[in-house]
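Read through the structure below, which is laid out as structure tokens, and then see the notes.
Number of protein chains: 2
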Amino acid sequence: MLYKKIKHIAIVGTGVIGSSWATLFLEKGLRVTATDIAAGAEQKLRNQIFQNAPNLSQELLTFEESLEEAVKNVQFVQENGSEQTDLKQELFRKLDSCTPPDVLLVSSSSGIIPSLLQTGTSYPERILLGHPFNPPHLIPLVEVCGGEHTSDEAVERTIEFYRSVGKKPIRLKKEIKGHVANRLQAALRQEAFYLVQQGVASAEDIDMAITEGPGLRWALPGPFVNLHLGGGSGGARHFLNHLGPAIQSWIKDLVRVTMNKDLIVMLSDEVGKMVQKKNLTA
Amino acid sequence: MLYKKIKHIAIVGTGVIGSSWATLFLEKGLRVTATDIAAGAEQKLRNQIFQNAPNLSQELLTFEESLEEAVKNVQFVQENGSEQTDLKQELFRKLDSCTPPDVLLVSSSSGIIPSLLQTGTSYPERILLGHPFNPPHLIPLVEVCGGEHTSDEAVERTIEFYRSVGKKPIRLKKEIKGHVANRLQAALRQEAFYLVQQGVASAEDIDMAITEGPGLRWALPGPFVNLHLGGGSGGARHFLNHLGPAIQSWIKDLVRVTMNKDLIVMLSDEVGKMVQKKNLTA
Numbered sequence: 001m002l003y004k005k006i007k008h009i010a011i012v013g014t015g016v017i018g019s020s021w022a023t024l025f026l027e028k029g030l031r032v033t034a035t036d037i038a039a040g041a042e043q044k045l046r047n048q049i050f051q052n053a054p055n056l057s058q059e060l061l062t063f064e065e066s067l068e069e070a071v072k073n074v075q076f077v078q079e080n081g082s083e084q085t086d087l088k089q090e091l092f093r094k095l096d097s098c099t100p101p102d103v104l105l106v107s108s109s110s111g112i113i114p115s116l117l118q119t120g121t122s123y124p125e126r127i128l129l130g131h132p133f134n135p136p137h138l139i140p141l142v143e144v145c146g147g148e149h150t151s152d153e154a155v156e157r158t159i160e161f162y163r164s165v166g167k168k169p170i171r172l173k174k175e176i177k178g179h180v181a182n183r184l185q186a187a188l189r190q191e192a193f194y195l196v197q198q199g200v201a202s203a204e205d206i207d208m209a210i211t212e213g214p215g216l217r218w219a220l221p222g223p224f225v226n227l228h229l230g231g232g233s234g235g236a237r238h239f240l241n242h243l244g245p246a247i248q249s250w251i252k253d254l255v256r257v258t259m260n261k262d263l264i265v266m267l268s269d270e271v272g273k274m275v276q277k278k279n280l281t282a
Numbered sequence: 001m002l003y004k005k006i007k008h009i010a011i012v013g014t015g016v017i018g019s020s021w022a023t024l025f026l027e028k029g030l031r032v033t034a035t036d037i038a039a040g041a042e043q044k045l046r047n048q049i050f051q052n053a054p055n056l057s058q059e060l061l062t063f064e065e066s067l068e069e070a071v072k073n074v075q076f077v078q079e080n081g082s083e084q085t086d087l088k089q090e091l092f093r094k095l096d097s098c099t100p101p102d103v104l105l106v107s108s109s110s111g112i113i114p115s116l117l118q119t120g121t122s123y124p125e126r127i128l129l130g131h132p133f134n135p136p137h138l139i140p141l142v143e144v145c146g147g148e149h150t151s152d153e154a155v156e157r158t159i160e161f162y163r164s165v166g167k168k169p170i171r172l173k174k175e176i177k178g179h180v181a182n183r184l185q186a187a188l189r190q191e192a193f194y195l196v197q198q199g200v201a202s203a204e205d206i207d208m209a210i211t212e213g214p215g216l217r218w219a220l221p222g223p224f225v226n227l228h229l230g231g232g233s234g235g236a237r238h239f240l241n242h243l244g245p246a247i248q249s250w251i252k253d254l255v256r257v258t259m260n261k262d263l264i265v266m267l268s269d270e271v272g273k274m275v276q277k278k279n280l281t282a
């Protein structure tokens with residue numbers, strides 16, 4: 001399959017994520033056609049794009065009530081519908097049936113693996129995942145992952161396209177619950193929540209343990225480059241051989257947390273205290 | 001106990017951490033006396049401080065072979081000895097017996113809780129933990145934690161002192177294995193290692209999943225302020241009520257990793273590939 005040059009994109013579902021994608025694509029000079037089943041969606045979308053980028057021309061943006069109309073002349077669909085598996089599957093079957101097979105169908109889903117979106121479609125090879133980190137017009141990361149039937153070409157073309165609009169795509173070689181970034185974030189959050197739950201330190205101090213410590217390193221070289229730099233001339237191997245037992249002992253002590261009502265109330269109160277103290281408003 | 005104004009510090013143990021502490025204290029205009037049992041320690045220390053800060057005068061630095069001499073006129077001891085519990089306990093009993101009770105005895109230990117360092121001492125109330133994130137003259141975080149017998153006053157005085165030299169101290173209200181920052185880092189690393197082990201993504205892409213995604217947020221507001229900001233006008237409570245089930249589902253899927261030889265070799269190789277590709281040297 002030779003995918004065409006991407007000049008016109010359909011945004012299916014124009015909530016927070018869809019509006020942000022639309023903002024990004026318009027900023028890059030691409031034509032965007034949006035669609036959403038909600039009442040008043042076009043006005044909401046235009047308002048949200050204006051909030052995101054007040055000086056951005058919306059001339060290249062059109063809105064269609066009908067899905068079929070919206071995807072008529074596009075080369076790329078960025079789907080941002082409801083996160084219910086059955087609804088999304090139905091949506092992808094529709095998209096598959098009303099677009100030629102050289103249109104890439106890409107889902108923003110954070111919770112559904114792309115193989116599930118390929119069931120019952122005629123051209124599953126162009127169906128894949130392009131999961132952004134919110135909001136996509138500001139945060140560069142996007143996670144690209146094919147399903148069981150996605151072609152390598154479709155994955156590569158999608159990565160290339162995202163790069164061309166300034167995104168930082170990563171490639172998932174396997175489908176996994178939560179993809180990569182949300183899993184890493186969940187791992188960190190779980191421990192942060194546990195430490196508050198156990199009364200080890202305040203939320204404010206735990207934030208500072210990140211922002212004034214390892215966070216200073218994560219935002220620049222990332223955890224793995226840090227393994228390399230931390231090992232001196234011996235690199236990551238030296239670092240891991242030397243500190244492996246210590247890391248193991250800390251890992252062993254990590255505890256699974258349950259996000260029940262009590263914990264949510266406790267965390268909310270703790271953050272509330274900090275927010276008041278720091279005079280933060282949302 | 002009225003602790004005296006801190007003008008003169010003893011650095012006990014002058015390896016990487018001790019040298020970095022010495023650099024910081026000298027930079028702040030404080031008098032430093034260092035001691036270490038290793039042969040040639042003074043010259044190594046002076047060389048390391050020169051590497052850390054080539055333009056820093058070392059006039060306020062003295063070195064003593066004997067521990068008793070080194071701590072004679074100081075108000076604060078920053079201990080950076082070997083991480084063996086029995087050796088450190090012996091060292092703290094010695095420090096306790098050869099300093100008046102108004103000298104703060106603070107350990108840089110990453111692995112030993114402060115209560116263990118108080119056994120067999122006469123004035124345990126001034127013995128506590130001041131665990132830096134390496135290197136302390138560059139990374140602001142320091143974790144302050146009292147043991148069973150530490151006085152609140154000693155903890156507060158230590159926090160105040162660290163603040164006065166530009167550190168960002170956090171207060172641990174309970175002793176816990178790995179303290180706070182290393183636990184949070186271990187949680188993130190465990191998941192990063194797991195994703196490489198499972199072949200989900202390359203080390204390079206996992207680094208990017210942090211640096212181009214959540215890392216951009218962690219380095220500035222920290223995970224808990226982000227919960228607040230993420231919830232809009234409803235704050236952290238709204239965020240957690242809304243996304244709690246998703247976070248729970250990701251947490252449930254996190255897997256304990258064992259830092260065995262195979263994993264260390266695999267991770268080292270993977271980082272090695274990235275380092276070559278990126279042309280990084282240690």
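For the protein sequence lines, the chains are B and A, in the order given. Everything in the first sequence is counted per the numbering used here, starting at 1 for the first residue and increasing by one. Everything in the second sequence is counted per the numbering used here, starting at 1 for the first residue and increasing by one. Glycine is no exception: its CB is placed at the ideal position from the N, C-alpha and C atoms.
Exposure of residue i, with buried meaning 16 or more beta-carbon neighbours within 10 Å
i: His179 (chain B); result: buried
i: Asn47 (chain A); result: exposed
i: Val255 (chain B); result: exposed
i: Asp262 (chain A); result: exposed
i: Gly199 (chain A); result: exposed
i: Asp207 (chain A); result: buried
i: Ala41 (chain A); result: buried
i: Asp96 (chain B); result: buried
i: His242 (chain A); result: exposed
i: Thr291 (chain A); result: Here chain A has residues from 1 to 282 only, and residue 291 (chain A) is not among them.
i: Gln190 (chain B); result: buried
i: Leu172 (chain B); result: buried
i: Pro54 (chain A); result: exposed
i: Pro101 (chain A); result: exposed
i: Val275 (chain B); result: buried
i: Ser107 (chain B); result: buried
i: Asn80 (chain B); result: buried
i: Ser19 (chain B); result: buried
i: Leu87 (chain A); result: exposed
i: Gly29 (chain B); result: exposed
i: Asp253 (chain B); result: exposed
i: Gln78 (chain B); result: buried
Nearest to residue i (by Cα), restricted to the options the options
i: Ile264 (chain A); options: A:Gln43, A:Ala192, A:Gln248; result: A:Ala192
i: Ile37 (chain A); options: A:Gln51, A:Lys28, A:Ile11; result: A:Ile11
i: Ala203 (chain B); options: A:Leu184, A:Thr211, A:Asp205, A:Gly199; result: A:Leu184
i: Gly146 (chain A); options: A:Leu138, A:Pro140, A:Glu156, A:Ile139; result: A:Glu156
i: Cys98 (chain B); options: B:Ser122, B:Gly40, B:Gln190; result: B:Ser122
i: Ile9 (chain B); options: B:Ala70, B:Phe224, B:Lys88; result: B:Ala70
i: Gly130 (chain B); options: B:Ile251, B:Pro114, B:Leu138, B:Ile139; result: B:Pro114
i: Thr150 (chain A); options: A:Leu128, A:Gln78, A:Phe161, A:Gly272; result: A:Leu128
i: Val144 (chain B); options: B:Glu59, B:Ser110, B:Leu138; result: B:Ser110
i: Asn279 (chain A); options: B:Ser268, B:His228, B:Asp269, B:Phe92; result: B:His228
i: Tyr194 (chain B); options: A:Val225, A:Pro245, A:Ile251; result: A:Ile251
Backbone CA spacing between residue i and residue j [nearest angstrom]
i: Tyr3 (chain A); j: Phe76 (chain A); result: 10 Å
i: Gly230 (chain B); j: Ala39 (chain B); result: 55 Å
i: Arg217 (chain B); j: Lys167 (chain B); result: 21 Å
i: Glu153 (chain B); j: Thr35 (chain B); result: 27 Å
i: Leu240 (chain B); j: Lys273 (chain A); result: 16 Å
i: Gly13 (chain A); j: Glu175 (chain A); result: 23 Å
i: Val271 (chain B); j: Lys5 (chain A); result: 35 Å
i: Ala187 (chain A); j: Thr211 (chain B); result: 16 Å
i: Glu90 (chain A); j: Ser268 (chain B); result: 44 Å
Three-state secondary structure assigned by DSSP to residue i
i: Ser107 (chain A); result: strand
i: Val16 (chain A); result: helix
i: Glu143 (chain B); result: strand
i: Pro132 (chain A); result: strand
i: Thr119 (chain A); result: coil
i: His149 (chain B); result: coil
i: Lys278 (chain A); result: helix
i: Ala34 (chain B); result: strand
Contacting residues, own chain, Cβ-Cβ under 7 Å from residue i (five flanking each side not counted)
i: Gln118 (chain B); result: Pro124, Ile127, Gly147, Glu148, His149
i: Leu24 (chain B); result: Pro136, His137, Val165
i: Asn73 (chain B); result: His8
i: Arg93 (chain A); result: Gly120, Thr121
Close beta carbons around residue i, own chain, < 6 Å, minus the five adjacent residues each side
i: Tyr162 (chain B); result: Val142, Pro169
i: Ala282 (chain B); result: Reliability of the predicted coordinates at Ala282 (chain B) is poor, the pLDDT of 49 falling under 50, and no value is obtained from them.
Neighbourhood of residue i by C-beta, 8 Å cutoff - its chain only, sequence neighbours within 5 removed
i: Arg237 (chain A); result: Gly231
i: Ala209 (chain A); result: Ala201
i: Ile49 (chain A); result: Ser19, Ala22, Thr23, Leu26, Leu56, Gln58, Leu61
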